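Visitor: For reference, each letter of the sequence shown is one residue, going 12 to 334 in the working numbering. The beta-carbon is built from N, C-alpha and C at its ideal position, and this holds for glycine as well. Here the structure is a predicted model, which is why all the values come from computation and not from measurement. Before I ask anything, let me first share the structure, which is written out below as structure tokens.
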Amino acid sequence: ARIVLVGGGDPLLSSLPAGTSKLPAYPRRASLVDLAGQTAQDLSAAGVTQVRLRFDAGVFSGPAASPNWERSYTGDVVGPVMGLSADQARLGPLDGGRLDDPALHTAQLFAAELERRGLDVLGAPTPGTAPEGSETIADVASAPMSALVEHMLVESDNDVAEALIRQVAIARGRPGSFVDGAAAALAELTALGIDVTGVTLHDGSGLSRDDRIPPQVIAHTLAVAAAGPHPQLRPLVAGLSIAGTNGTLASRFTGSAAGARGLLRGKSGYLTGVVSLSGVLIDASGRMLAFDVAADAVRPGTGIAVRTTWDRVAGVLARCGCT
């Protein structure tokens, strides 16, 4: 029998069993092990003992790494962006270096799981697509999109960001590529009534140094997500780290900025020479404020000082009764 492992672009697909204590409980990961178990059970029930395996990562298209990224990024802070990728393109389920071809590696892991369950996988997995009319014999689902968004923001997860912007493109009937993801994201913002003048996007993670987003665009987007008539956008706020409590803001907002602790939800941003902070907070009058502050010419060795300054700015906003 010939079977095809088809990737759906899930950025958190795991090679460990679902529900394992080795992974965070939230969001729950889809499991390659569980998929192999379902597959082997179905094939064995049909009397199949030998299979040839193909794999299809074609839900995403175009280059797997942005030409606008520093070359070192894909070996470190982000993996190759492919439609089939277990363990966020890492060699191991919990850690390890990034892989050049995570789709092939995922297929190899899947083949090994099938063999553990008594199936004979003939030859090595090869790229391929399922013929039209093929039957689905097993599947696993990712965490809900809302949970993926929240995880992306709290953990500052570049891999999830790149996968999600491609899903935006696919939802709008476009290819799942860097170019189409950026265009689709801008179209969605425009449809929400957000003026995207001055915005240039090359990716979903913000790793490209050619990305340009005026602060007012980020603040307007957060305001719409927090208080606009679009409940589907709430995860954009729920996923922001709470000042002094969790995520990338857990150890921040001390001293004169302590007034923002527990009152601010935010997302920090860092690249060499760039320090930013975006978020929403409740001020002294009980109003919700959306803000974005950024510095894009930070001198070497001064990043921590700039970060502290942005914390203090947020602290001032939290103390004021702004009108």
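DSSP state of Phe302, grouped into three classes?
Guide: Counting from 1 along the sequence shown, the entry for residue 302 is found at position 291. Of the three classes helix, strand and coil, the one that applies to Phe302 here is strand, per DSSP.
Visitor: Since I believe Val286 is in contact with Arg276 (beta carbons under 8 Å), could you give me their beta-carbon distance rounded to a whole number of angstroms?
Guide: If you number the sequence shown from 1, residue 276 lands on position 265. If you number the sequence shown from 1, residue 286 lands on position 275. With 8 Å as the limit, Arg276 and Val286 do not qualify as a contact, their Cβ atoms being about 18 Å apart.
Visitor: Would you decide whether Thr208 is buried or exposed? Buried here means 16 or more other CB atoms lie within 10 Å of its CB.
Guide: The residue labelled residue 208 in the question sits at position 197 within the sequence shown. Exposed is the call here.
Visitor: Considering only C-alpha positions, which residue in the set Gln227, Ser55 and Ser252 is nearest to Asp303?
Guide: Here residue 303 corresponds to residue number 292 of the sequence shown, with the count starting at 1. When each option's Cα is compared against that of Asp303, the closest is Gln227.
Visitor: How many angstroms separate the CA atom of Gln52 from the CA atom of Glu143?
Guide: Taking the sequence shown and counting its residues from 1, one reaches residue 52 at position 41. Taking the sequence shown and counting its residues from 1, one reaches residue 143 at position 132. Approximately 23 Å between the Cα atoms of the pair.
Visitor: Assign Thr60 to one of three DSSP states: helix, strand, or coil.
Guide: On the sequence shown, position 49 is the one that residue 60 refers to. Coil.
Visitor: Measure the alpha-carbon distance for Pro78 versus Pro91 and round it to whole angstroms.
Guide: Within the sequence shown, numbered from 1, the residue matching residue 78 stands at position 67. Within the sequence shown, numbered from 1, the residue matching residue 91 stands at position 80. For Pro78 and Pro91, the distance between alpha carbons rounds to 12 Å.
Visitor: Counting only runs of 4+ residues fully inside the stretch 223-259, write out the alpha helix (DSSP H) ranges in chain order.
Guide: For the stretch 223-259, whole alpha helix (DSSP H) runs of length 4 or above, ordered along the chain, are 226-238 and 246-249.
Visitor: Are Ala271 and Ala329 close, meaning C-beta to C-beta below 8 Å?
Guide: Within the sequence shown, the letter at position 260 stands for residue 271. Within the sequence shown, the letter at position 318 stands for residue 329. Cβ atoms of Ala271 and Ala329: closer than 8 Å.
Visitor: Does the distance from the CB of Gln49 to the CB of Ala149 come in under 8 Å?
Guide: In the sequence shown, counting from the first residue as 1, residue 49 sits at position 38. In the sequence shown, counting from the first residue as 1, residue 149 sits at position 138. Yes, the pair counts as a contact, with Cβ atoms nearer than the cut-off.
Visitor: Would you identify the three-state DSSP class for Ile14, choosing helix, strand or coil?
Guide: For the purposes of this step, residue 14 is taken as the residue at position 3 of the sequence shown. Ile14 falls in the strand class under three-state DSSP.
Visitor: Measuring CA to CA, which of Asp206, Leu197 and Ala193 is closest to His213?
Guide: In the sequence shown, residue 213 corresponds to position 202, counting from 1. Taking only the C-alpha atoms, the option nearest His213 is Ala193.
Visitor: Using the rule of at least 16 other Cβ atoms within 10 Å of the residue's Cβ for burial, across every protein chain shown, is Met93 buried or exposed?
Guide: Locating residue 93 in the sequence shown gives position 82, counting from the first residue. Buried, since its Cβ has 16 or more Cβ neighbours within 10 Å.
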